[in-house]
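4 protein chains.
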Amino acid sequence: MKRIGVYTSGGDAPGMNAAIRAVVRVSIAQNLEVYGITAGYLGMLENEMNPLQLRDMANIIQRGGTILKTARSTEMMKPEGRTKAATNLKNLGIDALVCIGGDGSFRGAHALWEEHQIPIVGVPGTIDNDIFGSDKTIGFDTAVNTALEAIDRIRDTAASHDRLFIVEVMGRNSGFIASYVGLAGGAEEIFTPENVASVDKSIERIKESIRRGKTSSILITAEGQKPGRAYDLADAIRKKSGMDAKVCILGHQQRGGSPTAADRILASRMGAAAVDALMHGQCDIMIGTEGERLVQVPLDLVTKNEKKTQMDLLSLASVLAT
Amino acid sequence: MKRIGVYTSGGDAPGMNAAIRAVVRVSIAQNLEVYGITAGYLGMLENEMNPLQLRDMANIIQRGGTILKTARSTEMMKPEGRTKAATNLKNLGIDALVCIGGDGSFRGAHALWEEHQIPIVGVPGTIDNDIFGSDKTIGFDTAVNTALEAIDRIRDTAASHDRLFIVEVMGRNSGFIASYVGLAGGAEEIFTPENVASVDKSIERIKESIRRGKTSSILITAEGQKPGRAYDLADAIRKKSGMDAKVCILGHQQRGGSPTAADRILASRMGAAAVDALMHGQCDIMIGTEGERLVQVPLDLVTKNEKKTQMDLLSLASVLAT
Amino acid sequence: MKRIGVYTSGGDAPGMNAAIRAVVRVSIAQNLEVYGITAGYLGMLENEMNPLQLRDMANIIQRGGTILKTARSTEMMKPEGRTKAATNLKNLGIDALVCIGGDGSFRGAHALWEEHQIPIVGVPGTIDNDIFGSDKTIGFDTAVNTALEAIDRIRDTAASHDRLFIVEVMGRNSGFIASYVGLAGGAEEIFTPENVASVDKSIERIKESIRRGKTSSILITAEGQKPGRAYDLADAIRKKSGMDAKVCILGHQQRGGSPTAADRILASRMGAAAVDALMHGQCDIMIGTEGERLVQVPLDLVTKNEKKTQMDLLSLASVLAT
Amino acid sequence: MKRIGVYTSGGDAPGMNAAIRAVVRVSIAQNLEVYGITAGYLGMLENEMNPLQLRDMANIIQRGGTILKTARSTEMMKPEGRTKAATNLKNLGIDALVCIGGDGSFRGAHALWEEHQIPIVGVPGTIDNDIFGSDKTIGFDTAVNTALEAIDRIRDTAASHDRLFIVEVMGRNSGFIASYVGLAGGAEEIFTPENVASVDKSIERIKESIRRGKTSSILITAEGQKPGRAYDLADAIRKKSGMDAKVCILGHQQRGGSPTAADRILASRMGAAAVDALMHGQCDIMIGTEGERLVQVPLDLVTKNEKKTQMDLLSLASVLAT
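Listed in order, the protein sequences are those of chains X, C, B and P. Per the working numbering, the first sequence starts with residue 107, numbered consecutively. Per the working numbering, the second sequence starts with residue 107, numbered consecutively. Per the working numbering, the third sequence starts with residue 107, numbered consecutively. Per the working numbering, the fourth sequence starts with residue 107, numbered consecutively.
Given below as structure tokens:
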């Protein structure tokens, strides 16, 4: 192995640059050449791949987004697309790949290995934290802290006006951001895709807390299948209880921003471990975490299983918000 | 004058606590007693008014929201409501008032003076900065910086995905937040209530910038008459150009948060000046700023005139975002 | 068990309030009464202990510092002091204690159990992360992020001036903050108490990186036995190489500030687990973390062992900063 | 005029990049070419000057530091140095200059005009705000907010431990940062170079506030002639009163970081105005602010006069911190 390629794919996540930096610098320290592939699979298909040097990595560890850009590609879902990508990679002499991304990206990576024997190691980068096989994904800690700052601000105005707020956070099919942010933000109720708390019960709880002297409340909801779920909730609450709820949808700001220390460290460790794994002949795996330790998980397992949100955080949040 | 009352009214704004602190501490230093009136005019009507001491002001200068709470009252719009409020104030021996709020609050304050001769000095507190007679209002600088942080984050993800974003900031009838945030955030286009930039022209500009190599763009819009205007804009752009624009509505997080240095200093100076004015027998005025200086403006003038957004910021932003 | 006491002791750490809130709310949910003991052991000795209610915990989860205050007490190191404290606790009917603090605090707690059979559960709260038996302590994540923000800012000015900076972070006897911040901040060299990198080797590395085109560098050092070590380092570098190094000592700002999401969640979980443990008759233990899981560790083990910094982070940082 | 040069000089300040961006984009919009001069006068002397394009300005408005780098040059203080610089500029066809920096930089600029007739317009960029002729300088607002965040954090730990803190902020010969931060941070005492509050009086005030129930205090001092003045103050207080004061020196972190909205807007307006002025044949002036308005001030006046700190902020802070 002489030359590896690195790319980011799927939704961007803070810390991806720290991972790229680790891949590049560890590779060069091991006398490997590294190519940066632009915009994920698109760059493979369109031959947008360029050598990266030590100096290109200067001053990026603290930047949000991804300097390699990212995109979703439908062409790579078809065998012909993957054949074209594999040919391009081979023409450039790229022997192996590090793929930083989520579920969908890993499916493409796994197929490239299966069909074209290109060794790939995956690094989980997504703010949603919904990747099976890793306790934490790159970007999750930053997204949670960004959402939390917004909620701390919203609590100021909720308390000043004695108001009820519904805050919608990201997390299409998963409730990780919602449950972490809800617990850390002292939310009165947390609605996740897995735990669709009943609206009636929530109204009851809010009324009960008003009786105890609490004058403002914040409910957190994951966006679910599409953004805007918070509006439906507000409507339901209004109809059933007459209570007026203000809606805030935090949206894409949760994707950006300078990564937290935890995300930079996680990304650095994972990026380094990915290169190490390739150097030791391993592939078709993802680097994950189990507690503080790094682990290796077959990509197949990663993409075929679903990671569940911790329900214990939800019940703890419920006790603590009384 | 022996006893004054202080209240916050209308939408809350970061820095209101710093203003309350200044009113209370300067008053006590002048041997005045101070009563805090809860939730603005509601507290006057319902006799929720309590003495404030030096120690009650400890550790609040950095807090968002308002410890006195705030609300809107329809009863105070009627003469009977104001008679009731005036009677309650006189029964408590409150000789004068400091009103921290916006336009609507000042209308009530002016009426209390006209109808019941209760001396009042106004302090402009609103994130919208739309008060005639003052270059800056308390809370504006904080709101602009909060929105700007969100936009910096959104730019990370816009750049990573080569996307077009429309970000909606607060400012019902005024474009102050939009124009400051747009200029400071390097926005490609700024839509304000006063300056409804044509969608066609914007599309033209965006296409032009894409030709010059810019791959992502951020448009800022003030919320206008009601939140959600950004969605209409996105629809219009999609229909007319086929470009897909993501929408972010920043919402109520812009109201909260620890005030910036500028807002704390402005609030401290204005609160102190309000008490000074009352001590010198002045009333029915608002404390405003003209550049770095504090000025006094008759409440009547304040409420009857409209403050215009600086159009020069918009044209500067337009040149700089090329 | 009917009544428990909770106190914070030793250096304050962001997240202590979230832990107090969890102890109080979980206790009350279990029909226990809770007393807050002011300023740690001082409050026990001087009978400063007061009942806490649900509402006292409102709006504190996001506050830095500790609402119960904290202090160090020499009197509690003597048996007579502990006898006095135990008597005071028994007079108030306090059956058990939750101690939020560090090593020294746990020694006192362990002695109170051994000598006076007062059941105690410890919760590790210290920014230093140097408590044996827990991967993470409350406040560490916040302190690391606070230091990291400062370093990101310092890098701006280092890069603009092509300068060498030495930044001293907290961590008297331990290198946790230094190694996390150094790795996350892209520091060129990290000096910890356990790993006294040789100054000569560092100078060599810096010169080497200058040859490769790097024009500015940041070195991180833990404060060691007393603050100011960074000045000695700067002197040594100046003498040996003629290079001028600017010194920044981050100091006590690392102790304060609103806790991060991770610290609030950790504190909430640990506070709840401490009450649970007491309810189940366990005591003389500390709640710790092992990866994502909570564990129980005998206080005796905690205070008699030393936790080592991860050396792998240092070597990773070294590779990545090339 | 066909080609202008732009450079940053002296200490770096957040917002300098926004000013460079404005100079470049407004120039290009006016069909001027722009050269970026590296590291201020050093770049002129060593011919480090390169053309800048629209795209080079992408994504820099939010960055701290200066992409053009900065330095201090002793050679430019001598006539021979300036002759060399002027020759280099003329060889490159650079007709005019925009100098972003402080007092010392403007002296060099003024001399280049006087001796070599190179038209120069100055833009005040320094965190110290100590430039005569401008109410505000680029970077001041950001530095004040950075210091304020640190002080808010320190207050958490001061309050938790009932401690006295002395915080040293930047500002060699001027008390602007100290007075703004002190007022906004609720400091109990502010020591500036112009207002050397007596230590005895301060001790008296602190003791008095302890009697009134205040248990922690923060004193702010400007660094004065050299950093470390806070240690002398702490010693004096200890000797005279026995009170133990903790010292924090905020240092160079105050120079960096993403600029606030106010600094980005100020820098954008000033950069644009500087090019406009050159286009209208004006030179040997600095762009300054008077309240909200931009003004032009002869460089000669700027460098020969001293700007005084507002003493009214100090007396207000003193009343409000009771």
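Glycine is no exception: its CB is placed at the ideal position from the N, C-alpha and C atoms.
Cβ neighbours of residue i in the same chain (closer than 6 Å, five flanking residues each side left out)
i	result
Val353 of chain C	Ile272, Ala336, Tyr337 and Ala340
Asp394 of chain X	Correcting the residue identity first, residue 394 of chain X is Gly in this sequence and not Asp. Answer for Gly394 of chain X: Gly239, Ser240, Val401 and Val403, listed in chain order.
Proximity of residue i and residue j at Cβ, strictly below 8 Å
i	j	result
Arg269 of chain P	Ser211 of chain P	no
Ala351 of chain C	Gly171 of chain X	no
Asp234 of chain X	Phe282 of chain X	yes
His358 of chain B	Ile167 of chain P	no
Thr248 of chain B	Gly121 of chain B	yes
Met385 of chain X	Gln136 of chain X	yes
Gly146 of chain B	Gly207 of chain B	yes
Ser315 of chain B	Thr428 of chain B	yes
Val227 of chain X	Leu356 of chain X	no
Arg109 of chain X	Asp201 of chain X	yes
Ala290 of chain P	Ile371 of chain C	yes
Gly397 of chain B	Glu181 of chain X	no
Pro230 of chain B	Thr243 of chain B	yes
Gly149 of chain B	Thr263 of chain P	no
Gly142 of chain C	Asn165 of chain C	no
Asp118 of chain B	Thr176 of chain B	yes
8 Å Cβ shell around residue i - same chain, five flanking residues per side excluded
i	result
Gln416 of chain X	Ser285
Arg344 of chain X	Asp350 and Ala351
Close beta carbons around residue i, own chain, < 7 Å, minus the five adjacent residues each side
i	result
Asn251 of chain P	Thr366
Pro299 of chain B	Asn279, Ser280, Gly281, Ala328 and Gly330
Val129 of chain C	Val112, Val140, Val204, Gly377, Ala380 and Val381
Thr277 of chain P	What sits at residue 277 of chain P in the sequence shown is Gly, not Thr. Asp234, Ile283, Ala284, Ala328 and Glu329.
Asn153 of chain B	Asn194
Asn411 of chain P	Phe238
Arg213 of chain X	Thr409
Per DSSP, cross-strand counterpart(s) of residue i
i	result
Cys205 of chain B	B:Tyr113 and B:Gly228
Gly142 of chain P	P:Val112 and P:Asn156
Met392 of chain X	X:Gly228 and X:Val403
Ala351 of chain P	P:Leu270
Val275 of chain C	C:Ala328
Phe297 of chain C	C:Thr327
Ile244 of chain X	X:Gly231
Buried versus exposed call for residue i [16 or more other C-beta atoms within 10 Å across all chains shown]
i	result
Gln360 of chain C	buried
Leu138 of chain B	buried
Asp236 of chain C	buried
Leu174 of chain X	buried
Gly319 of chain C	exposed
Ser364 of chain P	buried
Lys184 of chain B	exposed
Ser374 of chain B	buried
Leu407 of chain B	exposed
Asp317 of chain C	This sequence places Arg at residue 317 of chain C; Asp is not what is there. Exposed, because fewer than 16 other Cβ atoms sit within 10 Å of the Cβ of Arg317 of chain C.
Tyr295 of chain P	Residue identity differs from the one stated: residue 295 of chain P is Glu in this sequence, not Tyr. Classification of Glu295 of chain P: buried, given that the 10 Å Cβ count is 16 or more.
Gly199 of chain C	exposed
Inter-residue CB distance, residue i and residue j (contact presumed, cutoff 8 Å)
i	j	result
Leu160 of chain C	Arg131 of chain C	6 Å
Thr409 of chain B	His267 of chain B	Going by Cβ atoms, the distance from Thr409 of chain B to His267 of chain B rounds to 46 Å, so no, they are not a contact pair.
Arg178 of chain X	Gly116 of chain X	7 Å
Interface flag, residue i vs chain E, CB-CB below 8 Å
i	result
Arg399 of chain C	This model lacks chain E altogether, as its protein chains are X, C, B and P.
heavy atom of the ligand ZN below 7 Å from residue i C-beta
i	result
Thr366 of chain X	You won't find the ligand ZN in this model; it holds no ligand whatsoever.
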